[in-house]
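Residue numbers (our numbering): 34 to 382.
Next up, the structure:
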């Protein structure tokens, strides 16, 4: 397995060296396509605007390995340093080390694997490459199980939260700042919203023995036109991470009903979560064979898209998710190898 360790380290470094901010993924897709074409991989490749599907046409292609190729923008203070035990750089955690694992599995020609390298996961959900690739996966493949190689710190993370983003417009009345009594300042009204969020930000719920945290929070704020003008309105983005026992329509209705007393609510986007699916035999087998700790996914991931297609799936990949998108993002080399070995162990049965 030593040779795999060296290859995984080298692959991860090479993938990180290719900038692939959302919307600019062609170079990394070129690299993946060329890497597979020049390797021991003996299957076929489908490439389109959604990304790449690599598979063996003579196999059942029953297990999908899934990873996005894009990253968030590189931080101006991004840390790059040489360390034999760690790989630094944007995307090291989220999720180019996972892509390296996928490529190494493919070059070992596990015939029942289909690998899905997709674009635009870090951007708006409507632009996600799986929107293009999922119809092909449903039509041409017989997927029974999916492994989403998002960073999980070596844990098997099950299910995911749903997500709603809503614009809350708190209305007032514009006036000169020297005569505020002539207007109505929406900024001063914001305290009511803040107090509500502080009192209700986190609710804990146990689902299939796993503790999920439902979260309501404010993520952006905008308003005002000049330093000497009382603004006519103020806008907050309300982000609701809801339980997988709810659907997006119910969650959107809850946000609308809850915040309408503070102003005008406009639901911007929403996405269903995914249940842990512990009753699935594929999920049970993956947990048993890998021996990894089982935890809930306290976020949204594309496991939800597979759940909507009734395909059992797990989140499992190298890297600590708490380091994702940070300026000092890094992944332990040993964890990349361990993730690879665990997936190979599962595929060998």
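Think of the CB as a built atom: it goes at the ideal place given N, C-alpha and C, for glycine as much as any other residue.
Give me the DSSP bridge partner(s) of residue 230. Per DSSP, none; premise fails for residue 230.
Every unbroken beta strand (DSSP E) inside the segment 265-343 [3 residues or more]: Complete beta strand (DSSP E) runs here, min 3: 266-275, 297-304, 327-329.
Put residue 70 into one of helix, strand or coil per three-state DSSP. helix
Might you give, ordered along the chain, the residues of its own chain that have their beta carbon closer than 7 Å to the beta carbon of residue 465, omitting 5 neighbours on each side? Not covered by the structure: residue 465. The range shown for the chain is 34 to 382.
Secondary structure, beta strand (DSSP E): runs of 3+ residues fully inside the segment 108-177: 119-121, 146-151
Considering only their Cβ atoms, is the gap separating residue 38 from residue 370 smaller than 8 Å? yes
I'd like to confirm the pairing. Which residues does DSSP put opposite residue 255 in its beta bridges? 268
So, helix, strand or coil for residue 38, using DSSP? helix
Counting pairs of Cβ atoms below 8 Å between the segment 176-193 and the segment 331-350, do you hit three or more? yes
Can you tell me whether residue 65 is buried or exposed? The criterion is at least 16 other CB atoms within 10 Å of its CB, across all chains shown. buried
Residue span of the alpha helix (DSSP H) that contains residue 380, given as start and end: 366-381
Who does residue 59 pair with in a DSSP beta bridge? Bridge partners of residue 59: none, in fact.
Which residue from 205, 257, 171, 237 puts its Cα closest to that of residue 342? 171
Between the CA atoms of residue 376 and residue 81 - distance to the nearest angstrom: 27 Å
Reduced DSSP secondary structure (H/G/I, E/B, other) of residue 188: coil
Hey, how far is the Cα of residue 150 from the Cα of residue 74? 15 Å
Coarse secondary structure for residue 100, derived from DSSP in three states: Correct three-state label for residue 100: strand.
Inter-stretch contact at 8 Å, needing at least 3 Cβ pairs: the segment 209-218 / the segment 313-330: no
Which partner residues of residue 196 appear in the DSSP bridge assignment? 274, 304
Is it right to say residue 378 is buried, meaning 16 or more other beta carbons lie within 10 angstroms of its own, or is it exposed? Looking at its Cβ environment, which holds fewer than 16 other Cβ atoms inside 10 Å, residue 378 is exposed.
In this structure, how does DSSP classify residue 54 when only helix, strand and coil are distinguished? strand
Going by Cα to Cα distance, which pick from 298, 374, 327 is closest to residue 269? 298
Name the residue from 272, 303, 277, 62 whose alpha carbon lies nearest to the alpha carbon of residue 292. 272
So, is residue 252 buried or exposed, given that buried needs 16 or more other C-beta atoms within 10 angstroms? exposed
Is it buried or exposed, residue 324, if we count other Cβ atoms within 10 angstroms and call 16 or more buried? exposed
State the DSSP-derived secondary structure class of residue 46, mapped to helix, strand or coil. helix
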